[in-house]
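A quick write-up on the structure given underneath.
Residue numbers (the numbering used here), protein chains in the order written: chain W, 172 to 435; chain Y, 1499 to 1875.
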């Protein structure tokens, strides 16, 4: 739930919202990333970056509670996700919204039904009120009037925005984005970045984004972690703009300058 | 408690000040729009301006925004100027987002009720389309078979072998178990009747003929419709959803040759073999009942069965199962290719493949039984 203190994001930022401690991710014996330690603060727009196949999306799936870490833990406001009772874990997951890479709208339902589903499942709102909320959420992403469309009938960019409206259905405290600008034209991608900033400021939500779009990284991110595929661990963290200015790590430099500087 | 969520005060300069109080969240009770409107319109003259005070506002979320969006539309329709400055910054931002992009004209859909004639016409045209689709599919399939025998159809033999395995060896256990049990049940049913005449030995004839001519082919076909036909529909339907079939087409590869042909050929080869397996297991089921319940000697039962069944009886069952194989595999592939591009459509395709196949199996079985009977085969 949002609350009045959200207006003063400045006061609350700096509080640890999500902490990853000594985490190792693996599928069976196959190691993805090891020794991850970082903190996502309240009100951050936190970027998870790295080259293709380094485990960015896997990290996101661990953060939203789809996979338990092989070693280590993920703490949400101090409590370890996998040590919570299943019902507490569910309550926590309900306070997160996830925008999946392909949108992952339920194709057999209209946009309105997609957004109404979590509302009907988890609140005791009247149908009329649910409809109003659906229209409001769609209007936030600029899709007012598209309630009765099926996902297959609208464009990819519109699907992304509708999926964002669904992710925001329950007024989440934390929004996770997996490659939000993938498959969007530059103008739409820019608009989506603006929307993300606007939503952080208005909702007071903490936002975690997996991306390798440099333009987005510098436009919206204020904190980040850099995963390296070769050494299978994180090799940098902090504000991406500061990283660009200061880091000596050749791999990070190469990434942040599109291969124009750094190693080798 | 409802009246606690806001207070309206009328100021002297023909403006209204709305104070938001307490919690405005989805789970809490707040003033309804109707009662707000009633309170607001108590004032005889509509005000020129609305201001907000939110110093006593505590928790808020989308609930507050719903109210503000409505108020915005209401004020605009009455030409009242609203000054949003008194609201929390977050709420102002969200409200701006929500009202920034106007509704695209023509986007909203109207549901129209159609007349009976219109619906009847649509239904009939749908039927015609369905039949055309079926005929086209059959024609294309026959052409594809033609290409196969002249060596011009291209598909991967690896796929074909996999289909052979899953439609053949993979189905042996389930077909075996069901056939054995059906044979035993036939044996029991016959035993009760035949015992009354002291003609127990004819259980062997009954089970043997029943299984070989009818049940073997039909049971196998129905099991394969559920097991393999529906799998074909689901595979092709999912490929349709993922645009995989379009990808084949744009590369100049015919989905009919590449996807449908190996599947249908595999089932056409395997179903008669499964039918033989089913015949054997069905007879075994009857035999078990015969020797255990009716005390018929093993060799006696086998001898009786051998005399009862002629080669043409077995051939009758095999011919049926060949036709069933065509029906089951084509129904699966046709429905899969016709599937729409969403998850529900794939489900419908699978169900429809099953229903079509089983319906045609039963109809065809009845027809052939009558025909063979008339011909005295």
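The beta carbon of each residue, even a glycine, is placed where N, CA and C say it ideally should be.
Here the structure is a predicted model, which means the values were calculated and not measured.
Could one say the Cβ of residue i lies closer than 8 Å to chain Y's Cβ atoms, at least one of them?
i	result
residue 342 (chain W)	yes
residue 296 (chain W)	yes
residue 279 (chain W)	yes
residue 303 (chain W)	yes
residue 271 (chain W)	no
residue 175 (chain W)	Confidence is the limiting factor: at residue 175 (chain W) the pLDDT is only 38, short of 50, which leaves the residue's position unreliable and the question unanswerable from this model.
residue 299 (chain W)	no
residue 311 (chain W)	yes
residue 307 (chain W)	yes
Could you tell me if residue i is buried or exposed, where buried requires 16 or more neighbouring beta carbons within 10 angstroms of its beta carbon?
i	result
residue 181 (chain W)	In this prediction, residue 181 (chain W) scores a pLDDT of 38, lower than 50, which makes its location untrustworthy; no coordinate-derived value is stated.
residue 1500 (chain Y)	Only weak support is given to the placement of residue 1500 (chain Y): the predicted model assigns it a pLDDT of 46, under 50, and the question is left unresolved by the model.
residue 1865 (chain Y)	exposed
residue 1545 (chain Y)	buried
residue 1519 (chain Y)	buried
residue 1535 (chain Y)	exposed
residue 1621 (chain Y)	exposed
residue 1869 (chain Y)	exposed
residue 332 (chain W)	buried
residue 1706 (chain Y)	buried
residue 386 (chain W)	exposed
residue 1738 (chain Y)	buried
residue 173 (chain W)	The predicted position of residue 173 (chain W) is uncertain, since its pLDDT is 40 and thus under 50; a value taken from the coordinates is nonetheless stated next. It counts as buried.
Taking 8 Å as the CB-CB cut-off, is residue i touching chain W?
i	result
residue 1525 (chain Y)	yes
residue 1581 (chain Y)	no
residue 1567 (chain Y)	yes
residue 1564 (chain Y)	yes
residue 1742 (chain Y)	no
residue 1735 (chain Y)	no
residue 1480 (chain Y)	Examination of residue 1480 (chain Y) is not possible in this model, given that chain Y is present from 1499 through 1875 alone.
residue 1591 (chain Y)	yes
residue 1732 (chain Y)	no
residue 1520 (chain Y)	no
residue 1588 (chain Y)	yes
residue 1745 (chain Y)	no
residue 1511 (chain Y)	no
residue 1595 (chain Y)	yes
residue 1599 (chain Y)	yes
residue 1755 (chain Y)	no
residue 1553 (chain Y)	no
residue 1575 (chain Y)	no
residue 1503 (chain Y)	no
Beta-carbon of residue i versus every beta-carbon of chain B: anything under 8 Å?
i	result
residue 425 (chain W)	Note that chain B does not occur in the displayed structure, where the protein chains are W and Y.
Under the three-state reduction of DSSP, which class applies to residue i: helix, strand or coil?
i	result
residue 352 (chain W)	coil
residue 1755 (chain Y)	helix
residue 1556 (chain Y)	strand
residue 237 (chain W)	coil
residue 321 (chain W)	coil
residue 1521 (chain Y)	strand
residue 1867 (chain Y)	helix
residue 217 (chain W)	strand
residue 1480 (chain Y)	The displayed coordinates of chain Y run from 1499 to 1875. Any statement about residue 1480 (chain Y) would go beyond what the structure contains.
residue 1597 (chain Y)	helix
residue 1588 (chain Y)	helix
residue 223 (chain W)	coil
Could you tell me the boundaries of the alpha helix (DSSP H) in which residue i lies?
i	result
residue 1452 (chain Y)	Nothing about residue 1452 (chain Y) can be reported from this structure: the residues present for chain Y run from 1499 to 1875 only.
residue 1676 (chain Y)	1670–1693
residue 1822 (chain Y)	1809–1836
residue 259 (chain W)	257–265
residue 1518 (chain Y)	Not the alpha helix (DSSP H): residue 1518 (chain Y) falls in the beta strand (DSSP E), residues 1513–1518.
residue 379 (chain W)	It is not in any alpha helix (DSSP H) - residue 379 (chain W) instead sits in the beta strand (DSSP E) that spans 377–381.
residue 427 (chain W)	421–427
residue 286 (chain W)	282–293
So residue i is in the beta strand (DSSP E); what residue range does that whole segment cover?
i	result
residue 204 (chain W)	201–212
residue 198 (chain W)	187–198
residue 243 (chain W)	242–247
residue 394 (chain W)	394–399
residue 1548 (chain Y)	1547–1551
residue 407 (chain W)	404–408
residue 1505 (chain Y)	1504–1508
Beta carbon of residue i: closer than 7 Å to some heavy atom of the ligand NAD?
i	result
residue 253 (chain W)	Only the bare structure without any ligand can be found here, which leaves the ligand NAD out of the picture.
Compile a chain-ordered list of the residues in the region 348–366 of chain W whose CB is closer than 9 Å to at least one CB of chain Y. Those would be 366, in chain order.
If you measure beta-carbon to beta-carbon, which residues of the region 365–390 of chain W are closer than 7 Å to chain Y? Taking a C-beta cut-off of 7 Å against chain Y, the contacting residues of the region 365–390 of chain W are 369, 372, 373, 374 and 375, listed in chain order.
Chain W contacts made by the region 1833–1866 of chain Y, where a contact means CB separation under 7 Å: Under the 7 Å Cβ criterion, the region 1833–1866 of chain Y contributes 1839, 1840, 1841 and 1842.
Any residues in the region 313–337 of chain W with a beta carbon nearer than 9 Å to a beta carbon of chain Y? Which ones, in chain order? From the region 313–337 of chain W, only 313, 314, 315, 316, 317, 318, 319, 320, 321, 322 and 323 have a Cβ closer than 9 Å to chain Y.
For the region 1781–1808 of chain Y, list every residue whose C-beta sits within 7 Å of some C-beta in chain W, in sequence order. Cβ contacts with chain W: none found.
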